[in-house]
Amino acid sequence: MYNIIQLGLGPIGQRLTRYLSEREGIQVVGAVDPDPDKVGKDLGEHAEIENMGISISSDLKSCPNVDQANIAVISTVSSLEKIETQIQDVAGYGLDIVSTCEELSHPWQTQPKLAHRIDGYCKEKHISCVGTGVNPGFLMDFLPSVLTSVCREVKHIKVERVQDARPRRKPFRDKIGAGLTESEFAEKREGIRHVGLPESVYLIADAMNWELTNVEERLEPIQADSAINTESGTVRPGNVAGVRQVALGLQNDREVIRLIFEAAVGIEKSHDSIYITGNPTFSSTIDGGINGDIATSAIIVNAIRAIRNASPGLKTMLDIQAPAYFS
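Quick note on numbering: our numbering labels position 24 of the sequence shown as 12, and the sequence is numbered without any gaps.
1. Put His259 into one of helix, strand or coil per three-state DSSP.
2. Please classify Gly119: does DSSP put it in a helix, a strand, or coil?
3. Is Ser137 closer than 9 Å to Lys303 when the C-beta atoms are compared?
4. Does the stretch 250 to 267 come within contact of the stretch 131 to 149, defined as at least 3 CB pairs closer than 8 Å?
5. Under three-state DSSP, which class holds Gly335?
6. Should Ser93 go down as buried or exposed, given a rule of 16 or more other Cβ atoms within 10 Å for buried?
7. By alpha-carbon positions, which one of Asn290, Val183, Pro311 and Pro300 ends up nearest to Glu12?
8. Taking the alpha-carbon positions, what's the Lys158 to Ala252 distance?
9. Comparing alpha-carbon positions, which option in Pro268, Ile245, Asn227 and Tyr109 lies nearest Thr201?
10. In angstroms with no decimal places, state the Cα-to-Cα distance between Ala212 and Met(-11).
11. Over what stretch of residues does the beta strand (DSSP E) that includes Ala(-10) continue unbroken?
12. Using DSSP with H/G/I as helix, E/B as strand and the rest coil, what is Glu357?
13. Grab me the residues of Cys89's own chain with a C-beta within less than 8 Å of its C-beta, minus the 5 sequence neighbours each way, in chain order.
14. The beta strand (DSSP E) with Ser87 in it runs from where to where?
15. Can you tell me which of Ala195, Thr73 and Tyr81 puts its alpha carbon nearest to the alpha carbon of Ile(-7)?
16. In angstroms with no decimal places, state the Cα-to-Cα distance between Arg156 and Asn279.
17. How should Asn227 be labelled, buried or exposed, when 16 other C-beta atoms within 10 angstroms of its C-beta is the threshold for buried?
18. Return the CA-CA distance between Gly79 and Pro268, expressed in angstroms with no decimal places.
19. Tell me which residue opens and which closes the alpha helix (DSSP H) that Phe130 is part of.
20. Could you compute how far the alpha carbon of Ile321 sits from the alpha carbon of Asn(-9)?
21. Please determine, among Pro124, Ile210 and Leu48, the residue with the shortest C-alpha to C-alpha distance to Ile288.
22. Would you call Tyr313 buried or exposed, if buried means 16 or more other Cβ atoms sit within 10 Å of its Cβ?
23. Check for me: the alpha helix (DSSP H) holding Gln15 runs from which residue to which?
24. Which runs of the beta strand (DSSP E) spanning at least 3 residues fall entirely within the stretch 220 to 258, listed in chain order?
25. Does Gly179 pass the burial test, meaning 16 or more other C-beta atoms within 10 Å, or should it be called exposed?
26. Can you tell me which residues form a DSSP beta bridge with Ala60?
27. Would Ile248 and Val147 be called neighbours here (beta carbons separated by less than 9 Å)?
28. By the three-class DSSP mapping on this structure, what secondary structure does Lys143 have?
29. What runs of the beta strand (DSSP E), each 3 residues or longer, lie entirely inside the stretch 151 to 223?
30. Please go through the same chain and pick out, in chain order, the residues whose beta-carbon is closer than 8 Å to the beta-carbon of Lys111, but skip the five residues on each side of it.
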């Protein structure tokens, strides 16, 4: 039995509660969120399912069933720096960790000091830890890496994730700047960028055993040509409908990896496409794309078995048994 403590009960955390509670072989035994509006509330009620008899705690110390748990599912922040203390706290209780933190997915080149420090905590406490999700963690890094296993030679990998943001939750639309003016986009640019694209480039390079000399990233707004209606209101013509973000992996001046992330309200044809140039050269496309909220929550649940079987330390998706649906 996998006994779970949840940390972080925002929109993804609520979805995770539903997915975790419906899966045979998994039992949620505790939940933590410092938000005073959530503390003391029944976890099931908060997730809009039947009451679970689990009261949300403000921290791990006040979580009554923490000693029953063997895994922590952390869906709190995107920043490696911000999640470090949370990982340290969880490691102190000897719990393996699966997290949605994007910068945790492959931090060895982007933030090596922090990565080695977190790896040290985990090894000291004999736990394993992985950051994953749909992106980063699967569609733009792990999946293309797996597809190259049929290749005799690989020269270039290109991945496109193109999404209509209208079906996504409001925080996602806010994250891509939908509805902003050009000047507002410029002011909020750093907060708008999709987190995790450089980490995905490095995960692919790690899988290929390619040493990159540089990773370049650029971000530009996608403007609405006409009025676009969303649940959050109308995006006016000329305002920002979303973002186009590109990350390149370079060996000297030669491009070997190109990742294109495009998310905007009003995109006509969502898709996830992978292009492998080599021997053989081929492509693979998921028409309609994969819903990010569903997929991120599902892969977190499905990675639980893999992380329990992993050796101690900070892992990437390349280091653990490939997650698969289980019951």
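For glycine and all other residues, C-beta sits at the position ideal for the given N, C-alpha and C.
Since the structure is predicted, the reported quantities are computational estimates derived from the model, not experimental observations.
Answer, in terms of the structure:
1. One-based indexing of the sequence shown puts residue 259 at position 271. Here His259 sits in strand by DSSP.
2. For the purposes of this step, residue 119 is taken as the residue at position 131 of the sequence shown. Gly119: strand per DSSP, three-state reduction.
3. Counting from 1 along the sequence shown, the entry for residue 303 is found at position 315. Counting from 1 along the sequence shown, the entry for residue 137 is found at position 149. For Lys303 and Ser137, no; Cβs fall outside 9 Å.
4. With the cut-off at 8 Å, the stretch 250 to 267 and the stretch 131 to 149 touch.
5. Residue 335 falls outside the range modelled here, since the chain spans only -11 to 315, and no answer is possible.
6. Start at 1 with the first residue of the sequence shown, and residue 93 comes out as number 105. By the 10 Å Cβ count, Ser93 comes out buried.
7. In the sequence shown, counting from the first residue as 1, residue 12 sits at position 24. Among Asn290, Val183, Pro311 and Pro300, the Cα nearest to that of Glu12 is on Asn290.
8. Position 170 of the sequence shown, counted from the first residue, corresponds to residue 158. Position 264 of the sequence shown, counted from the first residue, corresponds to residue 252. Taking the CA atoms as reference points, Lys158 sits about 12 Å from Ala252.
9. Here residue 201 refers to the residue found at position 213 when the sequence shown is read from its first residue. Distances from the alpha-carbon of Thr201 to those of Pro268, Ile245, Asn227 and Tyr109 put Ile245 closest.
10. The count along the sequence shown starts at 1 and reaches residue 212 at position 224. The count along the sequence shown starts at 1 and reaches residue -11 at position 1. Their Cα atoms are separated by approximately 49 Å.
11. Mapped onto the sequence shown, residue -10 falls at position 2. According to the sequence as given, residue -10 is Tyr; it is not Ala. Segment Tyr(-10) to Leu(-5), the beta strand (DSSP E) holding Tyr(-10).
12. The first residue shown for the chain is -11 and the last is 315, placing residue 357 beyond what the model contains.
13. Position 101 of the sequence shown, counting from 1, holds the residue named residue 89. Result list for Cys89: Ile62, Thr64, Val65, Ser66, Ser67, Leu68, Ile71 and Gly119, in chain order.
14. By one-based count along the sequence shown, residue 87 stands at place 99. Run containing Ser87: Asp84 to Ser87, per the beta strand (DSSP E) assignment.
15. Along the sequence shown, read from residue 1 onward, the residue named residue -7 stands at position 5. If we check each option's Cα against that of Ile(-7), Tyr81 comes out closest.
16. One-based indexing of the sequence shown puts residue 156 at position 168. One-based indexing of the sequence shown puts residue 279 at position 291. Arg156 and Asn279: Cα-Cα distance of roughly 8 Å.
17. Taking the first residue of the sequence shown as 1, we reach residue 227 at position 239. Per the 10 Å Cβ criterion, buried.
18. As a working note, residue 79 is residue 91 in the sequence shown. As a working note, residue 268 is residue 280 in the sequence shown. The question names Gly, yet the displayed sequence has Ala at residue 79. Their backbone Cα atoms lie some 44 Å apart in a straight line.
19. As a first step, residue 130 is located in the sequence shown; it is residue number 142 there, counting from the start. Taken as a continuous stretch (DSSP letters only), the alpha helix (DSSP H) holding Phe130 covers Phe130 to Leu135.
20. The structure shown does not extend to residue 321, since the chain spans only -11 to 315, so no value can be given for it.
21. For the purposes of this step, residue 288 is taken as the residue at position 300 of the sequence shown. With distances taken between Cα atoms, Ile288 lies closest to Pro124.
22. Translated into the one-based positions of the sequence shown, residue 313 becomes position 325. Tyr313 is exposed by the Cβ-count criterion.
23. Counted from its first residue, the sequence shown places residue 15 at position 27. From DSSP, Gln15 is part of no alpha helix (DSSP H) but of the beta strand (DSSP E) over Ile14 to Val20.
24. Scanning the stretch 220 to 258 for uninterrupted beta strand (DSSP E) segments of 3 residues or longer gives 221 to 223, 228 to 239 and 242 to 252, listed from N- to C-terminal end.
25. The count along the sequence shown starts at 1 and reaches residue 179 at position 191. Label assigned to Gly179: exposed.
26. Along the sequence shown, read from residue 1 onward, the residue named residue 60 stands at position 72. By DSSP's assignment, Ala60 forms a beta bridge with Ile(-7) and Ile85.
27. As a first step, residue 248 must be located in the sequence shown, where it is residue number 260. As a first step, residue 147 must be located in the sequence shown, where it is residue number 159. For Ile248 and Val147, yes; Cβs fall inside 9 Å.
28. Counting from 1 along the sequence shown, the entry for residue 143 is found at position 155. Here Lys143 sits in strand by DSSP.
29. With a minimum length of 3 residues, the continuous beta strand (DSSP E) runs that stay inside the stretch 151 to 223 are 202 to 211, 216 to 218 and 221 to 223.
30. Position 123 of the sequence shown, counting from 1, holds the residue named residue 111. Only Pro300 and Gly301 meet the Cβ criterion.
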